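Residue numbers (the working numbering): 976 to 1315.
Where is the CB? At the ideal position from N, CA and C, for every residue including glycine.
What you are looking at is a predicted structure, and each value in this text was computed from that prediction instead of being measured.
Report on the following structure.
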Ligand code: NAI
């Protein structure tokens, strides 16, 4: 059987460093992948291409799966976020971010095990902004019944498939009665079809307070786009930071796997980036391939990688963000050496 093609987008900032580290571990674990390298973000601009080149999009459409490093979006300049564009263009409407404590990584709470589900295509990230008159600008928050219903269905189906017990929606429907009201109503109606899953809703400010007081009272969080973005980082902070939280952007046809963190320009090129989040993301990707292709070899490879990084962490092999002293490459080597 030929190797499975997967599009690889190294991205910007720490992206290329963590990507190389992940490839090193995946090679050691014998991942049977034919990587197709493509560019996006500042790296694409530097190469004289569009920020999100058509050939990158075509390759993802063709192959169906991509592993992506973070891409920088310049603040306040004329570029709309390449990440937002990518998710909208390919209709990757569900972002899923598992947030779990890891043995060997010290955190305030011992047993956090949360799934954050973020609607990825609507809300304030619709990018519809206007200058009404100098000094007065607006940003349009968009919610559609189709969009709210499909993310609610996705979350409940995921919960049932993965044996999760409860979904909590964070919202601000007391203020944004129409948009957040619709998001909440669609989730409530979906619950009628999934009575085996517990459901609750919370106003997001109170929800965030409860989340930092005791994250173990939550199981799955379902959020619209902006809230999902913010709360994902908050949740990362509960389990050791952005270096340990993986993610996937999923649509009906394609899946783009990327960690929650960004391009971290403050530490880029210094060997300080933790490649674990992207490595965990690669394990999610291998499991996705196994499901899609009914090929347990990918799942077994993912399990070898997971066991290896768990062993490395438990033995105190930690990067600086987690209180250790290993650099990006040392950590990748430590994990690769522990692949069995
Ligand atoms: P960021 O996630 O890049 O960094 C936030 C903080 O976490 C920084 O102090 C950084 O050093 C640290 N950090 C992040 N990942 C780390 C890792 N793997 N190991 C160790 N430390 C890590 O968020 P920020 O600074 O808000 O954004 C920087 C750029 O990244 C922006 O241009 C933003 O638009 C972009 N971005 C891209 C994303 C993507 O491509 N999916 C997601 C989030 C942000």
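Please state whether the Cβ-Cβ distance between residue 1176 and residue 1145 is less than 9 Å. Here residue 1176 is near residue 1145, since their CB atoms are less than 9 Å apart.
If you count every other CB in all the chains shown that lies within 10 Å of the CB of residue 1249, and 16 or more means buried, which is it? Buried is the label assigned to residue 1249, since at least 16 other Cβ atoms lie within 10 Å of its Cβ.
What runs of the beta strand (DSSP E), each 3 residues or longer, lie entirely inside the segment 1123 to 1198? Listed in chain order, they are 1141 to 1146, 1173 to 1178, 1195 to 1198.
Determine, using beta carbons only, whether residue 1068 and residue 1125 come nearer to each other than 9 Å. Yes.
Do the segment 1304 to 1312 and the segment 1000 to 1014 meet, that is, are 3 or more Cβ pairs less than 8 Å apart? The segment 1304 to 1312, when compared against the segment 1000 to 1014, does touch it at the 8 Å Cβ threshold.
Test item: CB-CB of residue 1237 and residue 1303 under 9 Å: At least 9 Å separates the beta-carbon of residue 1237 from that of residue 1303.
May I ask which residues mark the beginning and end of the alpha helix (DSSP H) holding residue 1289? In the DSSP assignment, residue 1289 falls within the alpha helix (DSSP H) that extends over 1271 to 1289.
Does any heavy atom of the ligand NAI sit closer than 8 Å to the C-beta of residue 993? For the ligand NAI, at least one heavy atom lies less than 8 Å from the Cβ of residue 993.
Three-state class that DSSP yields for residue 1310 in the structure shown: Residue state for residue 1310 is assigned as helix, using DSSP reduced to three classes.
Round the Cβ separation of residue 1209 and residue 1183 to the nearest angstrom and send it over; I've been treating them as touching at under 8 Å. Confirmed, Cβ separation roughly 7 Å.
Cα-Cα separation, residue 1314 to residue 995: Residue 1314 and residue 995: Cα-Cα distance of roughly 17 Å.
Output the distance between the C-alpha atoms of residue 1138 and residue 1013, rounded to the nearest integer angstrom. Between residue 1138 and residue 1013, the C-alpha separation is close to 36 Å.
Along the chain, where does the alpha helix (DSSP H) that runs through residue 991 open and close? It spans 990 to 1003 - the alpha helix (DSSP H) in which residue 991 sits, taken as one unbroken run.
Which whole-angstrom value describes the C-beta separation of residue 1094 and residue 1199, a residue pair presumed to lie in contact below a C-beta threshold of 8 Å? Right, their Cβ atoms sit about 5 Å apart.
How far does the alpha helix (DSSP H) with residue 1256 in it extend, from its first residue to its last? Per DSSP, the unbroken alpha helix (DSSP H) holding residue 1256 starts and ends at 1251 to 1268.
Using a Cβ-Cβ cut-off of 6 Å (strictly less than) and excluding sequence neighbours within five positions of residue 1127, which residues of its own chain qualify? Excluding five sequence positions before and after residue 1127, the CB atoms of its chain that fall closer than 6 Å to its own CB belong to 1161, 1162, 1165, given in chain order.
Tell me which residues share the same chain as residue 991 and place their Cβ nearer than 6 Å to its Cβ, disregarding the 5 neighbours each side in the sequence. Close CB contacts of residue 991 within its chain, under the 6 Å cut and outside five residues either way in sequence, are with 985 (chain order).
Answer yes or no: the CB of residue 1365 versus the heavy atoms of the ligand NAI, is any distance below 8 Å? In the structure as shown, the chain begins at 976 and stops at 1315. Residue 1365 is therefore absent and cannot be evaluated.
Classify residue 1014 as helix, strand or coil using the three-state DSSP reduction. Coil, per DSSP.
Report the residue from 980, 981, 976, 988 whose alpha carbon sits nearest the alpha carbon of residue 1242. Comparing C-alpha distances from residue 1242 to each of 980, 981, 976, 988 shows the shortest one belongs to 988.
Could you give the first and the last residue of the continuous alpha helix (DSSP H) run that contains residue 1037? Its alpha helix (DSSP H) spans residues 1029 to 1038.
Residue burial classification, residue 1030 (beta-carbon count within 10 angstroms, cutoff 16): Counting Cβ neighbours within 10 Å, residue 1030 comes out exposed, since fewer than 16 surround it.
Option nearest residue 1296 by Cα separation, candidates 1212, 1097, 1112, 1281: Out of 1212, 1097, 1112, 1281, 1212 has the C-alpha closest to the C-alpha of residue 1296.
Just confirm the distance between the C-beta atoms of residue 1225 and residue 1071, as a whole number of angstroms; I'd bet it's less than 8 Å. Under the criterion of beta carbons closer than 8 Å, residue 1225 and residue 1071 qualify as touching, at roughly 7 Å.
Using the Cα positions of residue 1081 and residue 1172, report the straight-line distance between them to the nearest angstrom. So the two alpha carbons sit approximately 31 Å from each other.
For residue 1224, does the three-state DSSP call read helix, strand or coil? DSSP, read as helix, strand or coil, puts residue 1224 in strand.
Simplified DSSP state of residue 1056, which is helix, strand or coil: The three-state reading of DSSP puts residue 1056 in coil, since its state is none of H, G, I, E or B.
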